[in-house]
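Novice: This is the structure I want to talk about, given as structure tokens.
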Amino acid sequence: MTQEKKQEYTLRITQANKTQMITILYEMVIDYISEARDLIARGQKEEASVKLGYAQNCIDELIRSVNLSMELGRMLHKIYIFSKKELTIAGVNYSQSRIKRVEKNFRSLHTAYKELESYDKSGPTMGNTQSVYAGLTYGKYSLNEDVTASSYNRGLMA
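Taking this note's numbering, the leading residue of the sequence shown gets 7, the next gets one more, and so forth.
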């Protein structure tokens with residue numbers, strides 16, 4: 007994942023509500039899986055294993071966030087556990103079909119959560135974050151971002 011993509015995810019996470027956080031994690035899993043698939047196709051198996059590990063870390067976060075007291079949560083938990091097992095096996099034998107299966111499942115979940123985002127009107131999960139302003143400011147054809155620090159104490163307030 008490029009540094010620019012990481013910065014984009016970081017910015018989105020600071021502004022996201024709970025539903026959007028799940029959607030972002032789905033997107034991250036999909037990105038890492040896609041990168042791993044491409045690396046396997048090029049024969050770069052060690053780098054692919056690293057990307058699959060990153061995808062599994064994102065799935066771990068999804069597993070921790072699931073509400074197991076509800077039926078939907080239990081079903082999602084099973085999907086996440088299955089996906090993690092598939093990626094583990096794919097990391098051992100570099101199976102494109104297993105990776106594609108997990109990617110297909112996460113694309114479906116991503117589509118469903120994108121739809122749910124329109125119904126979730128709650129505010130951002132993180133408070134006290136920096137404001138970022140983007141626009142055509144100094145150059146006619148250049149996009150400049152300005153990060154305004156209203157406080158040096160950022161992030162979640164305990």
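No residue lacks a Cβ here, since even glycine has one placed at the ideal position from N, Cα and C.
Using 7 angstroms as the threshold, is the C-beta distance between I85 and A96 below it?
Specialist: Working through the sequence shown from its first residue, we reach residue 85 at position 79. Working through the sequence shown from its first residue, we reach residue 96 at position 90. Not a contact, by the Cβ cut-off of 7 angstroms.
Novice: What would DSSP say about S124, mapped onto helix, strand or coil?
Specialist: For the purposes of this step, residue 124 is taken as residue 118 along the sequence shown, with counting starting at 1. DSSP places S124 in coil when its eight states are reduced to three.
Novice: Let me know if A42 comes out buried or exposed under the rule of 16 or more other beta-carbons within 10 Å of its beta-carbon.
Specialist: To locate residue 42, count along the sequence shown from 1; it is residue 36. Buried, because 16 or more other Cβ atoms sit within 10 Å of the Cβ of A42.
Novice: DSSP three-state label for G49, please.
Specialist: Mapped onto the sequence shown, residue 49 falls at position 43. In the structure shown, G49 sits in coil (DSSP, three-state: anything other than H, G, I, E or B).
Novice: Please state whether DSSP places M76 in a helix, a strand or coil.
Specialist: For this step, residue 76 is matched to residue 70 along the sequence shown. M76: coil per DSSP, three-state reduction.
Novice: Specify the secondary structure class of N99 as computed by DSSP and reduced to three states.
Specialist: Along the sequence shown, read from residue 1 onward, the residue named residue 99 stands at position 93. Correct three-state label for N99: helix.
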